[in-house]
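Here is the structure we will look at, set down as structure tokens.
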Amino acid sequence: MQQLALMLYSTRPRQWVKNMFLFAALIFDRKLFVIPYLTKTIYGFVLLTLISGAIYITNDFLDIEKDKLHPVKRLRPLPSGQLSKLVAVVMAIVLPLIALPLAYLLNPWFGLILLLYWLQNILYSMWLKHIVILDILLIALGFTYRVAAGATLVDVEQGPIGSPWIYMCVGFGALLVVLGKRRSELNLLSDLASSHRSVLASYNKTYIDLLIYCVSTSTIISYSFYTFNATYHQTKNHSMMLTIPLVVYGIFRYLYLVYVKDEGGTPEQLVFKDRPLMLSIALWIATATVLRYNY
2 MQQLALMLYS TRPRQWVKNM FLFAALIFDR KLFVIPYLTK TIYGFVLLTL ISGAIYITND
62 FLDIEKDKLH PVKRLRPLPS GQLSKLVAVV MAIVLPLIAL PLAYLLNPWF GLILLLYWLQ
122 NILYSMWLKH IVILDILLIA LGFTYRVAAG ATLVDVEQGP IGSPWIYMCV GFGALLVVLG
182 KRRSELNLLS DLASSHRSVL ASYNKTYIDL LIYCVSTSTI ISYSFYTFNA TYHQTKNHSM
242 MLTIPLVVYG IFRYLYLVYV KDEGGTPEQL VFKDRPLMLS IALWIATATV LRYNY
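In my numbering, the protein residues as written are 2 to 296.
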């Protein structure tokens, strides 16, 4: 029973919030209250969570020795020795064997995207995470996979979720969060940074700061274009522009937490830990949903 609890913890429940991007198509294609689509998306969320859990377990297994050097990650079940390596290997194999066929049965395209997402992350854990620049780009790509996977479950043909700007916005936003985390790791681990994550030896704070400036600007611009063009195509109005200030505030607040508070190391926790950031996200979701369903 204890091993089961530790295995569940190793799937990183706090990271499950990332899979909420799967609901983007359901909400922005105005199908949130269409029960068949809602049901399929919920099923898809469960399957995506199983796949991502298997990926996290695989990553922890491959990084056991390096995670022991990290002041926080060394407390995880595998690096701390609480979770059996055999149990971890079995679950890393069994979860995809269950989730991928079910994902294909739910929707063939959804199953294909989940397969690509799983394969990419396995290669990332084994090799690609050691390649400078490519490591952060692949993490951001994972978020666009989530949005695209959600779109396959609600039969999107045209509209905002079909716009390339939404994928640009999500990709740049994810890059911003990843870069904030990389910067925090350099600050936290200092000289031990490359021992924990070898690719960090190829980064420095000056370079990461430059990328953050570029990406934060690109996120705001791409989201603005999304509100200008994608929503007008379907609703014939620019009401979604009202949400731009909320997005700008959210980005500025995140940068404040990274640069002033040095809290970018656990972005999945910041969403719930920092009230202003959480409030801005909640207001954005509420405002965007109301505007999409009333205009």
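Cβ coordinates follow ideal geometry from the N, Cα and C atoms, glycine included.
Proximity of SER217 and LEU177 at Cβ, strictly below 8 angstroms: yes
Delimiting residues of the alpha helix (DSSP H) encompassing ASP136: 135-153
CA-to-CA distance, LEU139 to GLN121, given in whole angstroms: 8 angstroms
Cβ pair ILE123, MET92 closer than 8 angstroms: no
Spatially closest choice to PHE229 from TRP166, ALA202, ILE36, by CA coordinates: TRP166
Per-residue burial, THR40 [other beta carbons within 10 Å of its own, 16 or more giving buried]: exposed
Beta-carbon spacing of ILE52, LEU7 below 8 angstroms: no
Reduced DSSP category for GLN121 - H, G, I as helix; E, B as strand; rest coil: helix
CA nearest to the CA of LEU189, picked from LEU87, LYS262, LYS86: LYS262
Residue range of the alpha helix (DSSP H) that includes GLY54: 36-63
Distance CB(LYS19)-CB(GLU269) smaller than 8 angstroms: yes
Every unbroken alpha helix (DSSP H) inside the stretch 209-256 [4 residues or more]: 232-236
Minimum C-alpha distance to MET279 - residue among PHE111, VAL291, ARG293, ILE252: ILE252
Coil, strand or helix - GLU264 by DSSP: coil
The alpha helix (DSSP H) enclosing TYR282, as first and last residue numbers: As written in the sequence, residue 282 is Ile, which differs from the Tyr given in the question. Taken as a continuous stretch (DSSP letters only), the alpha helix (DSSP H) holding ILE282 covers 276-295.
Buried or exposed (CB count within 10 angstroms, at least 16 for buried), ARG276: exposed
The alpha helix (DSSP H) enclosing LEU1, as first and last residue numbers: Outside the displayed range of the chain (2 to 296) lies residue 1, so it cannot be described from this structure.
Exposure of ASN60, with buried meaning 16 or more beta-carbon neighbours within 10 Å: buried
Closest residue to LEU27 among LEU49, TYR105, VAL249, GLY151 (Cα-Cα distance): GLY151
8 angstroms Cβ cutoff met for LEU201 and ILE137: no
Extent of the continuous alpha helix (DSSP H) run through PHE29: 25-29
Three-state secondary structure assigned by DSSP to GLN83: coil
ILE66 classed as buried or exposed, judged by whether at least 16 other C-beta atoms fall within 10 angstroms: A small correction: the amino acid at residue 66 is Glu; Ile does not occupy that position in the sequence shown. GLU66 is exposed by the Cβ-count criterion.
Assigned exposure category for THR112 - 16 Cβ within 10 Å defines buried: The displayed chain sequence assigns Gly, not Thr, to residue 112. Per the 10 Å Cβ criterion, buried.
Local conformation of TYR10 per DSSP, three classes: helix
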